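Q: Quick one: this structure, given as structure tokens, is what I'll be asking you about.
There are 2 protein chains.
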Amino acid sequence: IIIFDEECFQGRRHEFTAECCNVMDFSFETVRSMRVESGAWVGYEHAAYQGHQFILERGDYPQCNAWAGSNAYPIGRLTSFRPISCVNHRECRMSIYEKENFLGRRGEVTDDYPSLQAMGWCNNEVGSFRVHSGAFVCFQYPGYRGYQYIVECDRHCGEYKHFREFGYHSQTPQIQSIRRVQQ
Amino acid sequence: IIIFDEECFQGRRHEFTAECCNVMDFSFETVRSMRVESGAWVGYEHAAYQGHQFILERGDYPQCNAWAGSNAYPIGRLTSFRPISCVNHRECRMSIYEKENFLGRRGEVTDDYPSLQAMGWCNNEVGSFRVHSGAFVCFQYPGYRGYQYIVECDRHCGEYKHFREFGYHSQTPQIQSIRRVQQ
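And the structure:
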């Protein structure tokens, strides 16, 4: 992953092959553009992997709205990031539950679903997740929009019992689309 | 599809089962929230299916950023919409070409690709498309972010020869992720 302190891959640059806890340690005030050369990564709004999460897959991100991807984020600030290590795109498997603590109706997710309701899920929320293998990105709105939550089999033992465990900023269990992370 | 003139499904509502060329004909100044009850639809910024395009699949869209989905759109205005009729999610097939007029390197797309470059595509652009069956959404940035272009086998005879045919507002052939439309 290569970060730049100006838009469109201009200004100072720094290349990373492993996690970065705080771009300010590399004299970056913020990241304004970025290239992901390989792998899948999670970017975070704040240092030490806190705040809003952004899935980052291979490609060019010439401005911060390229990763923020929603008006829900007034600032597409990116201060820390880490690679996602557990991904085998073909073998992602997760159970989703209507209620917290793995209660209520259960659904199996092994594919990409731009609309959970179209796949037959009961409502616009998911109460808890259990990731059996791989990693997924869960989104607030249909079509992979809105807040993003990256859930992985090798973090939290793959268990996300309550929406407050989905991510630092999660205010609601509203989840309407889910997709696998692609390496 | 049910539209509301206030956020969070409040205010006046109107239900549609077919295309709507201009919501103002139904005394809506704009759409502030929306529920898609079935099918896949395309929303447009302006009347008569002009301007920015937004893929709309089943689910709840409580505010305009739920469909605009990017800071690239300062206004998530939605003035017309129509159903996508040709979708058979399992049988979507499209050829993508490096250059306009179906020239240069060719790739086959039959699945969802959050990163075209990770799938082996040569660069961050697609010059032209030929949709053989079904419908796809093409996105400016990786991870289904940025400008959206809906391409269908039964519009334009499935042929999109030049980036200016992708959509009214298309300024560049930059396309970094593609997915099928799900009914």
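Residue numbers (full-length UniProt numbering), protein chains in the order written: chain A, 1 to 183; chain B, 1 to 183.
The beta-carbon is built from N, C-alpha and C at its ideal position, and this holds for glycine as well.
Here the structure is a predicted model, which means the values were calculated and not measured.
Could you list which residues in chain B have their beta carbon closer than 8 Å to that of SER33(A), in chain order?
A: If you number the first sequence from 1, residue 33(A) lands on position 33. Under the 8 Å cutoff, chain B gives no residues; its nearest Cβ is about 11 Å from SER33(A).
Q: Let me check one thing: in DSSP terms, what residues is GLU15(B) bridge-paired to?
A: Mapped onto the second sequence, residue 15(B) falls at position 15. BP columns for GLU15(B) point to ILE2(B).
Q: Got a sec: is the Cβ-Cβ distance from GLU108(B) to anything in chain A below 8 Å?
A: Sequence index remark: in the second sequence, residue 108(B) carries index 108 (1-based). No, its Cβ sits nowhere closer than 8 Å to a Cβ of chain A.
Q: Would you tell me roughly how many angstroms separate the C-alpha atoms of CYS92(B) and PHE28(A), rounded to the nearest one?
A: Within the second sequence, residue 92(B) is the residue found at index 92, counting from 1. Within the first sequence, residue 28(A) is the residue found at index 28, counting from 1. Between the alpha carbons of CYS92(B) and PHE28(A) lies a distance of about 43 Å.
Q: Give me the chain B residues within the contact set of ASP25(A), using Cβ-Cβ distance strictly less than 8 Å, ordered along the chain.
A: Your numbering for residue 25(A) matches position 25 in the first sequence. Here the premise fails: no neighbours, minimum Cβ distance about 26 Å.
Q: With burial defined as no fewer than 16 other Cβ atoms inside 10 Å of the residue's Cβ, what is the status of ASN71(A): buried or exposed?
A: Within the first sequence, numbered from 1, the residue matching residue 71(A) stands at position 71. For ASN71(A), the predicted structure reports a pLDDT of 47, less than 50, and the residue's modelled location is therefore unreliable. A value from the coordinates is still provided. Buried, since its Cβ has 16 or more Cβ neighbours within 10 Å.
Q: Suppose contacts are defined by Cβ-Cβ distances below 8 Å. Is PRO83(A) in contact with TRP121(A) by that definition?
A: Within the first sequence, numbered from 1, the residue matching residue 83(A) stands at position 83. Within the first sequence, numbered from 1, the residue matching residue 121(A) stands at position 121. In terms of Cβ geometry, PRO83(A) and TRP121(A) do not form a close pair [threshold 8 Å].
Q: With the cut-off set at 8 Å, would you say ARG58(A) and GLU45(A) are in Cβ contact?
A: In the first sequence, counting from the first residue as 1, residue 58(A) sits at position 58. In the first sequence, counting from the first residue as 1, residue 45(A) sits at position 45. Not closer than 8 Å, so no.
Q: In the DSSP assignment, what residue or residues form a beta bridge with LEU56(A)?
A: The sequence position of residue 56(A) within the first sequence is 56, counting from 1. According to DSSP, which records beta bridges pairwise, LEU56(A) is partnered with TRP41(A).
Q: Using 8 Å as the threshold, is the C-beta distance between ILE178(B) and ILE55(B) below it?
A: Here residue 178(B) refers to the residue found at position 178 of the second sequence. Here residue 55(B) refers to the residue found at position 55 of the second sequence. Between ILE178(B) and ILE55(B), the C-beta spacing is not below 8 Å.
Q: With DSSP collapsed to three states, give me the class of ARG77(A).
A: Along the first sequence, read from residue 1 onward, the residue named residue 77(A) stands at position 77. It is coil, neither helix nor strand.
Q: Only counting the same chain, and skipping five residues up and downstream in sequence, which positions put a Cβ closer than 6 Å to that of ALA18(B)?
A: Position 18 of the second sequence holds residue 18(B). Taken in chain order, the list of residues that qualify is empty.
Q: What are the partner residues of GLY167(B), as DSSP defines its beta bridges?
A: Along the second sequence, one-based indexing puts residue 167(B) at 167. According to DSSP, GLY167(B) bridges with nothing at all.
Q: Kindly indicate which residue of PHE139(A), ARG155(A) and GLU125(A) has the alpha-carbon position closest to the one of HIS52(A).
A: Translated into the one-based positions of the first sequence, residue 52(A) becomes position 52. Checking every option, the nearest Cα to that of HIS52(A) belongs to PHE139(A).
Q: Excluding the 5 residues flanking ASN22(B) on each side, which residues of the same chain have their C-beta closer than 8 Å to its C-beta?
A: Residue mapping note: residue 22(B) aligns to position 22 of the second sequence, counting from 1. Taken in chain order, the residues that qualify are ALA47, ALA48, THR79 and SER80.
Q: Roughly how many whole angstroms lie between the Cα atoms of PHE96(A) and CYS8(B)?
A: The sequence position of residue 96(A) within the first sequence is 96, counting from 1. The sequence position of residue 8(B) within the second sequence is 8, counting from 1. Before going on, a small fix: residue 96(A) reads as Ile here, not Phe. Their Cα atoms are separated by approximately 25 Å.
Q: Sorted by chain position, which residues of the same chain lie with C-beta nearer than 6 Å to ARG12(A)'s C-beta, five sequence neighbours on each side aside?
A: Taking the first sequence and counting its residues from 1, the one referred to as residue 12(A) is at position 12. Cβ neighbours of ARG12(A) beyond the five flanking positions: ASP5.
Q: Among residues of its own chain, excluding the 5 on either side of LYS99(B), which ones have a beta-carbon nearer than 6 Å to its beta-carbon?
A: Locating residue 99(B) in the second sequence gives position 99, where the first residue counts as 1. Excluding positions up to five away in sequence, the list reads GLY127.
Q: Measuring only between beta-carbons, confirm whether GLN182(A) sits less than 8 Å from chain B.
A: Working through the first sequence from its first residue, we reach residue 182(A) at position 182. Contact with chain B is found for GLN182(A), since one of that chain's Cβ atoms lies less than 8 Å from the residue's Cβ.
Q: With burial defined as no fewer than 16 other Cβ atoms inside 10 Å of the residue's Cβ, what is the status of ASP111(B): buried or exposed?
A: The residue given as residue 111(B) occupies position 111 in the second sequence. It counts as exposed.
Q: Chain B beta carbons: is any one of them nearer than 8 Å to that of GLU57(A)?
A: In the first sequence, residue 57(A) corresponds to position 57, counting from 1. GLU57(A) counts as touching chain B.
Q: By the three-class DSSP mapping on this structure, what secondary structure does MET94(A) have?
A: On the first sequence, position 94 is the one that residue 94(A) refers to. MET94(A): strand per DSSP, three-state reduction.
Q: Is any beta-carbon of chain A found at less than 8 Å from that of ARG82(B)?
A: Mapped onto the second sequence, residue 82(B) falls at position 82. No, no contact with chain A.
Q: Quick check on GLN53(B) - is its C-beta less than 8 Å from some C-beta in chain A?
A: As a first step, residue 53(B) is located in the second sequence; it is residue number 53 there, counting from the start. It does not: the Cβ of GLN53(B) has no partner Cβ on chain A nearer than 8 Å.
Q: So is PRO173(B) in contact with chain A if we call contact Cβ pairs under 8 Å?
A: Position 173 of the second sequence, counted from the first residue, corresponds to residue 173(B). It does not: the Cβ of PRO173(B) has no partner Cβ on chain A nearer than 8 Å.
Q: Which chain B residues are close to GLY11(A), counting only those with a beta carbon under 9 Å from its beta carbon?
A: By 1-based counting over the first sequence, the position of residue 11(A) is 11. Neighbours of GLY11(A) on chain B: none; closest Cβ ~19 Å, over 9 Å.
Q: Less than 8 Å between CB atoms is the rule here; does ALA135(A) satisfy it with respect to chain B?
A: Here the question's residue 135(A) lines up with position 135 in the first sequence. At a cut-off of 8 Å between C-beta atoms, ALA135(A) does not count as an interface residue with respect to chain B.
Q: Count the other C-beta atoms from every protein chain shown that fall within 10 angstroms of the C-beta of ASP60(A), then say buried if there are 16 or more, exposed otherwise.
A: Numbered from its first residue, the first sequence carries residue 60(A) at position 60. By the neighbour-count rule (16 or more Cβ atoms within 10 Å), ASP60(A) is buried.
Q: What are the start and end residues of the beta strand (DSSP E) that includes ALA135(B)?
A: What you label residue 135(B) is simply residue 135 of the second sequence in a count that begins at 1. Segment 135 to 141, the beta strand (DSSP E) holding ALA135(B).
Q: Measuring CA to CA, which of GLY167(B), ILE175(B), ALA68(B) and PRO142(B) is closest to ARG155(B)?
A: Here residue 155(B) corresponds to residue number 155 of the second sequence, with the count starting at 1. Among GLY167(B), ILE175(B), ALA68(B) and PRO142(B), the Cα nearest to that of ARG155(B) belongs to GLY167(B).
Q: Output, in chain order, the set of chain B residues within a Cβ distance shorter than 8 Å of TYR61(A).
A: Indexing the first sequence from 1 puts residue 61(A) at position 61. Correct list: TYR141 and PRO142.
Q: What is the rounded straight-line gap between the Cα of MET94(B) and the Cα of GLN171(B)?
A: Walking along the second sequence from the start, residue 94(B) turns up at place 94. Walking along the second sequence from the start, residue 171(B) turns up at place 171. Each residue's Cα considered, the two are about 22 Å apart.
Q: Would HIS132(A) and GLY158(A) qualify as a contact pair, given that the criterion is a beta-carbon distance under 8 Å?
A: Along the first sequence, read from residue 1 onward, the residue named residue 132(A) stands at position 132. Along the first sequence, read from residue 1 onward, the residue named residue 158(A) stands at position 158. For HIS132(A) and GLY158(A), yes; Cβs fall inside 8 Å.
Q: Which residues mark the beginning and the end of the alpha helix (DSSP H) in which ALA47(A) is found?
A: Within the first sequence, the letter at position 47 stands for residue 47(A). Here ALA47(A) belongs to no alpha helix (DSSP H), and DSSP marks it neither H nor E.
Q: Let me see if you follow: with CB-CB separation under 8 Å, is ARG179(B) close to chain A or not?
A: As a first step, residue 179(B) is located in the second sequence; it is residue number 179 there, counting from the start. Yes - at least one Cβ of chain A is within 8 Å of the one on ARG179(B).
Q: Pull up the DSSP beta-bridge partners for GLU152(B), would you.
A: If you number the second sequence from 1, residue 152(B) lands on position 152. Note: GLU152(B) sits in a beta bridge opposite ALA135(B).
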